[in-house]
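In the UniProt record's numbering, the protein residues as written are 1 to 359.
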């Protein structure tokens, strides 16, 4: 039970935030005597289900869109009486197209269309005046947005920077799952479908990381992060993650042509050792990103790469590569090049994770 809660901790946090925002909005709405509390509840729930940075931007956009829809729809309602169905149809025809066009041109006015509809239609149901309906809509949205923003800032705030770290960790874990299988492909066939599925996981985690990075930018602009200078570290980490993904792809392509049997037997032990080192380094940095932990002193992890390099040098010195077909020799050097890229990028990953956590 506790393991399940720990695994989905952030999901439970979101559940708590949304629930609290809903109850607070309902209580305040009743206290203030809002006639249509549903609109305030919807606003509060929609804006609470976001990170802090996105909530700030979405709240401002939502309020701007609502205000635009209210002002325009109230003017139309004042000019076109809706005492008959024909009048209501004419008011809708005059309200929706301009607001829909405005929302299409500028997404920040997306709330203008439903707000305009409510301002036009609700008076026909409640017998309120168009002006009163417009004022009610502004009050409802203002309440929902205020509660959502307060809960997002104060109650277990979902920082986009935290989301970015978790997404980066998930990406590293997926690469760590795939790397040993791909490296084993130089000596034995590997499960291509399983590796393809892992590539999808990697791509999904990377997309979440990029999206969280954009939201983290909104947090920095809103002065909600501790250090606005963290943006360069995020970008550097992003590039390193992308290079590691490319390393995996390049290694998989090199493994499409298995090594000659004699060479495979010679390199099997060093390749297995490298696979373990690469997996361990990826998982270590993933754990550090999740726990915001310091890097332990590990001076010996590169020795496995040195051992593989020494094996390649020995193969050349012994003349074992000379009688081989050109394609086989090219495959061997493709393996060596791919692993050298892994070495460089794992070292870079360690540095970038340090920089990212420091900020």
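Backbone N, C-alpha and C fix where the C-beta goes; we use that ideal spot for every residue, glycine too. On a predicted model such as this, the values are computed, not experimentally measured, just so you know.
- Taken in chain order, the unbroken stretches of alpha helix (DSSP H) that lie wholly in the stretch 246-320 and span 4 residues or more are 261-291, 303-317.
- Taking all protein chains shown into account, residue 171 has 16 or more neighbouring C-beta atoms within 10 Å of its C-beta and is therefore buried.
- When only Cα atoms are considered, residue 174 and residue 107 end up about 35 Å apart.
- When 291, 203, 290, 180 are compared, the shortest CA-CA separation from residue 269 is found for 180.
- Between the alpha carbons of residue 333 and residue 286 lies a gap of roughly 30 Å.
- About 7 Å separates the beta carbon of residue 278 from that of residue 346, a gap short enough to meet the 8 Å contact definition.
- DSSP places residue 34 outside both helix and strand once states are collapsed to three, so it counts as coil.
- Sequence-distant partners of residue 167 (beyond 5 residues in either direction) whose C-beta falls short of 7 Å from its own C-beta, in its chain, are 205, 208, 209, 212.
- Per the coordinates, the alpha-carbon of residue 103 lies some 12 Å from the alpha-carbon of residue 115.
- Secondary structure note for residue 135: its alpha helix (DSSP H) is the uninterrupted segment 130-154.
- If you look at residue 189, you'll find it isn't in any alpha helix (DSSP H); DSSP assigns it neither H nor E.
- In the structure shown, residue 175 adopts helical secondary structure according to DSSP, grouped into three states.
- In this chain, the alpha helix (DSSP H) harbouring residue 94 covers 85-105.
- When the beta-carbon positions are compared, residue 302 and residue 343 come within less than 9 Å of each other.
- Taking the Cβ atoms as the reference, residue 66 lies roughly 5 Å from residue 111, within the contact range of under 8 Å.
- Here the stretch 73-85 makes no contact with the stretch 28-48; the two share fewer than three CB pairs at distances below 8 Å.
- Residue 37 and residue 15 have their C-alpha atoms roughly 21 Å apart.
- Judged by their CB atoms, residue 88 and residue 124 are nearer to each other than the 9 Å cut-off.
- DSSP places residue 322 in the coil class of the three-state scheme, outside both helix and strand.
- Just so you know, the alpha carbons of residue 142 and residue 136 end up roughly 10 Å apart.
- One thing to note: residue 45 has its Cβ no nearer than 9 Å to the Cβ of residue 150.
- Per the C-alpha coordinates, the member of 263, 262, 165 positioned closest to residue 238 is 165.
- Taking a C-beta distance under 9 Å as the contact criterion, residue 99 and residue 183 do not qualify as a contact pair.
- Taking all protein chains shown into account, residue 246 has fewer than 16 neighbouring C-beta atoms within 10 Å of its C-beta and is therefore exposed.
- Residue 243 is positioned such that its CB atom lies closer than 9 Å to that of residue 348.
- 75 is the residue among 153, 75, 271 whose C-alpha sits nearest the C-alpha of residue 132.
- Apart from the 5 residues on each side of it in sequence, residue 64 sits with its Cβ closer than 6 Å to the Cβ of 108 in its chain, given in chain order.
- The beta carbon of residue 289 sits closer than 8 Å to those of 165, 166, 168, 169, 172, 353, 356, 357, all from its chain and outside the five residues before and after it, given in chain order.
- Secondary structure at residue 80: coil, using DSSP grouped into helix, strand and coil.
- With a cutoff of 9 Å on beta-carbon distance, residue 140 and residue 43 are scored as near each other.
- In summary, residue 351 is exposed, with fewer than 16 beta-carbon neighbours lying within 10 Å of its beta-carbon over all protein chains present.
- Excluding residues up to 5 positions away in sequence, 182 lie with their Cβ nearer than 6 Å to the Cβ of residue 252 in the same chain.
- Straight across, the Cα-Cα distance linking residue 276 with residue 292 is about 23 Å.
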